[in-house]
Amino acid sequence: HSLGNFSKAIELGKKAYEIYLKTIGADHPLVVTVLKNLSVYYYALNDYVNAEIWCERYYNLSLKLNGENHPETISSINDYATICFTNDKFTVAAQLFEKLYNIRKAQLGENHADTLIALANYGYSCTRAGMYDEALSLYKKLYDGYCKTLGENAEKTLDILARLGGAYYNVNDHEKAAETYYKLYQA
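The numbering of the sequence shown is our numbering, which starts it at 90 and goes up by one.
Structure below.
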């Protein structure tokens, strides 16, 4: 696949998958790798429906074999959430990003960069799913986290401040939205 021939990679990946099923069985770490690779190849070809199918299998098998807190499972949660988001399945993406956020928070702490990225993705998924109250709460938490770690005038912090203003607007708190946008303007 390093040469970009993803169609050939898919063909070979499916052959490997079938061979593994017959020789080592479905519940083996090598199968996890094949499922992940097939998902990546389909994604690279913009075939997000098939990417989601293979990624869901990847996530479920990694969860079964490794448990929720294993790095491979954590990676699969992020990949699966991203693909669901790409496929406009925002509620599912939000649920998966919430799970990822909670794992990251428990493992790395509330203000770790990876935790904050998961929180941002969770908030954005909630916004796209129309879960505006939840998104507002998440963006407040995210803004506080970035203020603590990066400072009030950092680019990421200001980006989240803009999203926070949009979240206030979405819940019809126009006064708070205006205050937030004014704060952004002053930065």
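Just so you know, even glycine gets a beta-carbon here, dropped at the ideal spot from N, CA and C.
Please read these numbers as outputs of a predicted model, since none were measured by experiment.
Item: Rounded C-alpha distance that separates G255 from S164; Value: 29 Å
Item: CA-to-CA distance, R252 to Q275, given in whole angstroms; Value: 16 Å
Item: As assigned by DSSP and simplified to three states, the class of G254; Value: helix
Item: DSSP state of E278 mapped onto helix, strand, coil; Value: Not covered by the structure: residue 278. The range shown for the chain is 90 to 276.
Item: Where T162 falls, given that 16 or more other Cβ within 10 Å makes a residue buried; Value: buried
Item: Simplified DSSP assignment, three categories, for I113; Value: coil
Item: Backbone secondary structure at E199 - three-state DSSP; Value: coil
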